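Worksheet: one structure, shown below.
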Amino acid sequence: MRTLKGLAALLALTALVVGIPAALILLVGNPIPSTAELQQALTGIDFGGTFLMGTVLPLIAWGFWASFVYSLVVEVISLIRRVETPNLGGALRPQQALAGALIAAVLALGGGSPALALTPQDTASAPAAVAMAQEGQTTQDTPAAAGERTYTVQEGDTLWGIARDELGQGSRWGELAEQMRSTPQADGQTLTDPDLIMTGWTVELPDGPTGAGSTSATPSPSQQAPAPAQTGTDAQPAPAPAAPSQPAEQPAPAPAAPSASASAEPSAPADDSATPAPEAAAAPSAASDSTPAQDAQHPLPGEAVSAAPSTAPAEQEGPSAVPGGAFTQTAPAPADLSSHQEQAAPEEVPAWATIGGIGAFAAAGLLGIVGLRRQLQRRRRQPGQSVPMPEEQTAQLETQLRVVAEPEQAEELDVVQRWLARWAHENGQDLPELFLVRVSPEQIALYLMAPAQLPEPFVAETDDGVVWTLASGSIDIDPDLPAAPYPSLVTVGQDDTRSQVLLDLERLGTLGIDGDPQLTTQVLDAMAVELATSSWSENVTITLVGVADGLAKVVSDGRVRQIDDLDQLIGQLDGKAKDIRRALDEQDAATLDQARAANQEEAFGPEIVLLGLEPTPAQARRLTDLAGAIPRLGIAAVTTANPLASDWILNLEDEDHADLLPVNQHLRPQKITPEEGERIKELLATALEDPRSTGRGTTATIDINTVLDERPHLSAVADLEEMLHEEENTQDLPLIPEPAVPAAETAEDETDPAEENEEDVLAAQAARHTPTPAPAPHDTMDEDEDEDEDEDEESQDQAAAAAVPTEPEDITPEAQDQTPAVVAVTETAGPAETAPEPEPAATAEPAQQEAATDLHDTSPAEDADEDEKDAAPEQLASTDPQKQIDLDAAHLLEQATTQAPMILMLGELKLVGAQGQAPVTAATGEVSTTQTARCVALAAYLALHPGASAEAVHAAFWPTQRSDGKSASSNRNKLTGQTRRLLGQAADGTPYLPAVGSEGYRVHEDVLTDWQVVQSLIGDDPVKASTPALVAAMRLVRGVPFEHAKASNVAWTETLVQEMVQTICDAAHELVARSLAAGHREHAQLAARVGRAIDPANEAAWRDALVTEAAAGNHTEVTRLIEKLYSYLESFEEDLEPEVETTALIEELRAHGYRVA
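Its first residue numbered 1, the sequence shown is counted upward by one per residue in UniProt numbering.
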């Protein structure tokens, strides 16, 4: 049947394209009337219909024929170029739909499925091309077990379409392909080609969460070694490798042919988001508007959209080629969405670039530099000062950068390079001749100019050893790795499998950027920024000529320079080339790769010239000779308009489409708009400014001599557990609390010491939602004076202990209306149910984890002097003042909390007291930790930004997408609805997240955050706050604000986090000074630990910790802290010394007998 349809379509195409014009010419001839005929037709009567039949109708027929041929040409061009077919719309929609359907039927003649794997065609501008066949997506999930749901393949189905309609995400097609490869079909066949699926085959559907499949875009290209290199002075840059045949076995074949069809039905226009791949939309919430299917207007490659309206999600994601792509006529029925109000959306597809086009690795590099500079700013910050932050528009760009950045992938690529360099050096091997890298979350693929044998865990993807892949996480980070051997790797864009594509500019020699002059400049600017900020480019010299004006000034690390005189630059490059030749001769190395592998004492950093000016012919020849010399001399040039006649060209079609020649790789190019360029320079410059005064009061400097002289009067305790509030191994309470254990049974069971020591602010806040009798010390007083004194002291002990958070009792789901649940939203790389508990304060800042561990450490100080441990009670001051402060602090905390949900953000982001229902995954019925985390983040945002507009909410949570259009509104409505159901309702039925009205988005006034409580306790100036208020504020701090939260959920918090850290550190410093002066060791140590854990970059916090431990006589702890401080400073910069105040304090401690290295 498919063959008959294909032949009929071929005949129809022939008849339409050739038959119609032939018939018109034969029957009518020239339909264009003469002047006399036209005048007669306009003024006279057309007797017999001669003018109508001989002129009007033939012209109409010719017009319809021309429109059909135009639509056909558009479809064919899109098919050949393997890009999404543009929607012609209007009167051309029927012709385009007919053309697409006919082409699809003709392509079906090629095999069991009409999805054809195409290889790029050779280009006339390049000597050869590389077959950059993009492999499908793989998954780490295990094969589905027997007895799971199945689906029978219908005519025209695609694996992408089946995964989209049955699993909720088309990108999970790789799971289905893996399953089918290992499962024989009824006809005895098994799947060998994802682009070839047969009608009647059975597809087993996994039960994993919708969208939870770990998918990736993995490469499977193949290529030959290049032709022998040219030698001599006239040598040109090395041409691209030739494209060989496909190897015998590949993990997955080349992608399928793009679609050649379009819908015949009108559709709502797609959201013009700058994000290349919009998120996969889930079932809309009750508050969202129903919109027509977007895929009717923009069909997925490899399939034709049904002419009938579809109820599929409003937006679909997918690569430009779909595995198993068959041209469907009727879309399969979507999954049942009847319970959509309690189902979580599939995880959103991460944006790959900012609105202007900054990619993941450039964003990671920029944020790395900004983060380091802000740490140095906080290091210099004194109490009462603040770190400068960027203006609103620049802060919004930073929010976008935090959403798109992939620091983990960037770090892994850096480590892989250095690991290869060490392997080559230790084994006497040459470095692989790398020219292109493709990076996805699941793996790194290396493409080589010449065959090589790489060690495990690298896996050869081709028989000739020119393509190697490495699974993510296969190589551990090692601080002893050498310099990166490929420092000129730079991103050119993202391919259709959502992988980052990087080129080694040094290996290519020259690269031409061709296209609109404005776009070419933006691409060069993006390369300049990434090369200037990436960790593996530390030894590269970037020379800017007419590109990224002002960048060299704000980067200021020596690797970027701006030169306007091209002749001067060429003269300098000549000198560098001579020096490199001399070094190669001395080392008897044929190439720089050999020199780098043999000599790790010299990095041989390349120089990359980014040329935005048009060189003269003579200058172009000299640059070409330098960049194309054999052997390579570490000089490369990237130019606009390709004046150097490079074989490698990035051809920019428009802002979102480019082709990398000669490999014919389609990309979404990375670029930086002029506006973003200015924001980047402002962001980098602001991070270099000195801290500014806030106008608040300043705590008096603590005199170490006074503190040490008064040490005998300090209070002491046998155990430090009472002063701490969270243990290192604190576990999150479950999303759905387990049933409570009866009190009688609990009393008989033995208590685990670890559980006995678990004192978390989270538990304390949950306990406050449980009605408990308030301590009433005066009710137990007796008339007898002695008993009155004893009982008063006992009641104070009990109340003071109440100030320290205690673990609440487990609650049952049935009791949630009286005792709210605790929603933990620790969200990292996987589901919270299986992921290990992250270490405290595991942030990007060096030594912060160790400092946080000190904060959570509940063991007594083992290094205190023995004379202090054995001190007689009569030598110590009374503890009553401290206990009274604890009583007052507990009372303040009790007053500040309500029975409404409370959001904890001073540490891991958590929701306490949720009265509603958390989002669940439709496929499993289990709570979706990913979507719950996003809901809690939205609740936190609204609590801190009452009255926020839709645009503000969108900018915070979808900063890389436009805020207008139905897609944006649907996203906001969906997330808002899920958050409303999670928070629940108050006792009077009022939703804790009311419907949006004229006052914007806001949560109920009773919904608080721990940060708002801290602000109410401390006020505008910590110096003016009461001591109990400062102690209460310290009790609320559990760690670094928003610790472990997903960047896409809390990208809006950077300025807020800086404010939190600075305010809490200033309050901690004030409390240390007061407590030391009053002899309250517990409170001083609590404040010192909080300050150092929340901001280890601030040396004032280190000084507070040193003074506090010295006042307690902890010699060993003082020594340990000083050693840790020097190690921490070493992580910033080699031989970085402490500040003058810190150095003076260390000298004072040495003078008092403390052993200081």
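Ideal placement from N, C-alpha and C gives every residue a C-beta, glycine not left out. Computed from a predicted structure; not experimentally measured.
Do the stretch 413–421 and the stretch 482–494 meet, that is, are 3 or more Cβ pairs less than 8 Å apart?
-> yes
Can you name the start and end residues of the alpha helix (DSSP H) that residue 1163 belongs to?
-> For the chain, the structure presents residues 1 to 1157; residue 1163 sits outside this window and is missing.
Same chain, Cβ closer than 8 Å to Ala577, neighbours up to 5 away in sequence not counted = For the purposes of this step, residue 577 is taken as residue 577 along the sequence shown, with counting starting at 1. Within the same chain, Ala577 has close Cβ partners Leu626, Ala629, Leu633, Ile635.
Let me know the secondary structure DSSP gives Leu16 once reduced to three states.
-> Stepping through the sequence shown from its first residue, residue 16 is reached at position 16. It is helical.
Would you list the one or two residues that DSSP bridges to Tyr1126?
-> As a first step, residue 1126 is located in the sequence shown; it is residue number 1126 there, counting from the start. In DSSP, Tyr1126 forms no bridge with anything.
Could you tell me which of Gly465, Gly384, Leu52 sits nearest to Arg696, measuring between CA atoms?
-> Within the sequence shown, the letter at position 696 stands for residue 696. The option with the nearest alpha carbon to Arg696 is Gly384.
Pairing CB atoms from the stretch 1062–1082 with CB atoms from the stretch 1113–1128, are three or more of them under 8 Å?
-> no
Enumerate, from N- to C-terminal direction, the unbroken alpha helix (DSSP H) stretches of 4 or more residues contained entirely within the stretch 507–576.
-> 517–533, 551–555
Could you have a look at Leu1136 and say whether DSSP puts it in helix, strand or coil?
-> Within the sequence shown, numbered from 1, the residue matching residue 1136 stands at position 1136. The answer is coil: DSSP assigns Leu1136 none of H, G, I, E or B.
Would you kindly report the start and end of the unbroken alpha helix (DSSP H) that includes Gln409?
-> Walking along the sequence shown from the start, residue 409 turns up at place 409. First-last of the alpha helix (DSSP H) with Gln409: 407–427.
Kindly indicate the opening and closing residues of the beta strand (DSSP E) around Asp625.
-> As a position in the sequence shown, residue 625 is number 625, starting the count at 1. Segment 617–627 is the alpha helix (DSSP H) holding Asp625; no beta strand (DSSP E) there.
Bridge partners - Ile608, DSSP secondary structure assignment | Working through the sequence shown from its first residue, we reach residue 608 at position 608. DSSP, once it has assigned bridges, lists Ile542, Ala636 as partnering Ile608.
From the DSSP output, read off the bridge partner residues of Val501.
-> Your numbering for residue 501 matches position 501 in the sequence shown. Bridge partners of Val501: Arg438, Gly493.
Counting only the same chain and skipping the five closest in sequence on each side, list residues whose C-beta sits under 6 Å from that of Val56.
-> Position 56 of the sequence shown, counted from the first residue, corresponds to residue 56. Contacts found: none.
Hey, could you find the ends of the beta strand (DSSP E) Gly1038 is sitting in?
-> Residue numbering aside, residue 1038 sits at position 1038 when the sequence shown is read from its first letter. It is worth fixing the name first, because residue 1038 is Arg in this sequence and not Gly. Segment: none, Arg1038 is in no beta strand (DSSP E) and carries neither H nor E.
Among Leu551, Pro959, Glu1123, Arg381, which has the Cα closest to the Cα of Ala1047?
-> Position 1047 of the sequence shown holds residue 1047. Nearest of Leu551, Pro959, Glu1123, Arg381 to Ala1047, Cα basis: Pro959.
By a C-beta neighbour count over all protein chains shown, 10 Å radius and 16 as the cutoff for buried, is Leu652 buried or exposed?
-> Along the sequence shown, one-based indexing puts residue 652 at 652. So Leu652 counts as buried.
Other residues of its chain near Ala460: CB distance less than 7 Å, five sequence neighbours each side excluded | By 1-based counting over the sequence shown, the position of residue 460 is 460. Answer for Ala460: Trp468, listed in chain order.
C-alpha distance - Leu413 paired with Arg374, whole-angstrom precision = As a working note, residue 413 is residue 413 in the sequence shown. As a working note, residue 374 is residue 374 in the sequence shown. Approximately 25 Å between the Cα atoms of the pair.
Measuring alpha carbon to alpha carbon, tell me which of Thr158, Met198, Glu204 ends up nearest Glu178.
-> Here residue 178 corresponds to residue number 178 of the sequence shown, with the count starting at 1. Per the Cα distances, Glu204.
Inter-residue Cα distance where the pair is Ile197 and Leu650 | Locating residue 197 in the sequence shown gives position 197, where the first residue counts as 1. Locating residue 650 in the sequence shown gives position 650, where the first residue counts as 1. Their backbone Cα atoms lie some 35 Å apart in a straight line.
How about Ala922 and Gly913: do their beta carbons lie closer than 8 Å?
-> Your numbering for residue 922 matches position 922 in the sequence shown. Your numbering for residue 913 matches position 913 in the sequence shown. Cβ atoms of Ala922 and Gly913: not closer than 8 Å.
Between the Cα of Thr694 and those of Leu1086, Asp1066, Gln96, spot the shortest distance and give me the residue it belongs to.
-> Reading the sequence shown from its first residue, position 694 is the one you call residue 694. With distances taken between Cα atoms, Thr694 lies closest to Asp1066.
Just the Cα atoms here: how many angstroms apart are Ile77 and Asp504?
-> The sequence position of residue 77 within the sequence shown is 77, counting from 1. The sequence position of residue 504 within the sequence shown is 504, counting from 1. Each residue's alpha carbon lies about 31 Å from the other.
Can you give, in chain order, each stretch of the alpha helix (DSSP H) that sits fully within the stretch 994–1039 and has at least 4 residues?
-> Taking only runs of at least 4 residues, the alpha helix (DSSP H) segments lying wholly in the stretch 994–1039 are 1010–1018, 1027–1036.
What does Leu660 pair with, by DSSP beta-bridge criteria?
-> Reading the sequence shown from its first residue, position 660 is the one you call residue 660. Paired residue(s): Leu650, Gln665.
Taking all protein chains shown into account, do 16 or more other C-beta atoms lie within 10 angstroms of the C-beta of Tyr1154, making it buried, or fewer, making it exposed?
-> Working through the sequence shown from its first residue, we reach residue 1154 at position 1154. By the 10 Å Cβ count, Tyr1154 comes out buried.
Is DSSP giving Tyr1154 helix, strand or coil here?
-> To locate residue 1154, count along the sequence shown from 1; it is residue 1154. DSSP places Tyr1154 in the coil class of the three-state scheme, outside both helix and strand.
Residues of its chain near Val74, where Cβ-Cβ distance is below 6 Å and the 5 sequence neighbours each way are ignored | Within the sequence shown, numbered from 1, the residue matching residue 74 stands at position 74. Contacts found: none.
So what does Met53 bridge to, in DSSP terms?
-> Taking the sequence shown and counting its residues from 1, one reaches residue 53 at position 53. In DSSP, Met53 forms no bridge with anything.
Cα separation between Ala852 and Gly200?
-> Taking the first residue of the sequence shown as position 1, residue 852 is located at position 852. Taking the first residue of the sequence shown as position 1, residue 200 is located at position 200. Here Ala852 scores only 46 on pLDDT, less than 50, and its place in the model should not be relied on; the value that follows carries that caveat. Distance between the alpha carbons of Ala852 and Gly200 is about 59 Å.
Do Gln670 and Gly493 have their C-beta atoms closer together than 8 Å?
-> In the sequence shown, the residue the question calls residue 670 occupies position 670. In the sequence shown, the residue the question calls residue 493 occupies position 493. For Gln670 and Gly493, yes; Cβs fall inside 8 Å.
So which of Ala36, Ala940, Ala1100 has the shortest CA-CA distance to Trp1052?
-> Position 1052 of the sequence shown holds residue 1052. Distance check between Trp1052 and each of Ala36, Ala940, Ala1100 places Ala940 closest, using alpha-carbon atoms only.
Using alpha carbons as the reference points, say which of His954, Leu1076, Thr543 lies closest to Thr399.
-> For the purposes of this step, residue 399 is taken as the residue at position 399 of the sequence shown. Of His954, Leu1076, Thr543, the residue nearest in Cα terms is His954.
Can at least three beta-carbon pairs, one atom from the stretch 931–950 and one from the stretch 1069–1076, be found at a separation below 8 Å?
-> no
Val1003 versus Val936, Glu392, Glu391, Val17, residue with shortest Cα-Cα distance = Position 1003 of the sequence shown holds residue 1003. Ranking Val936, Glu392, Glu391, Val17 by Cα distance to Val1003 puts Val936 first.
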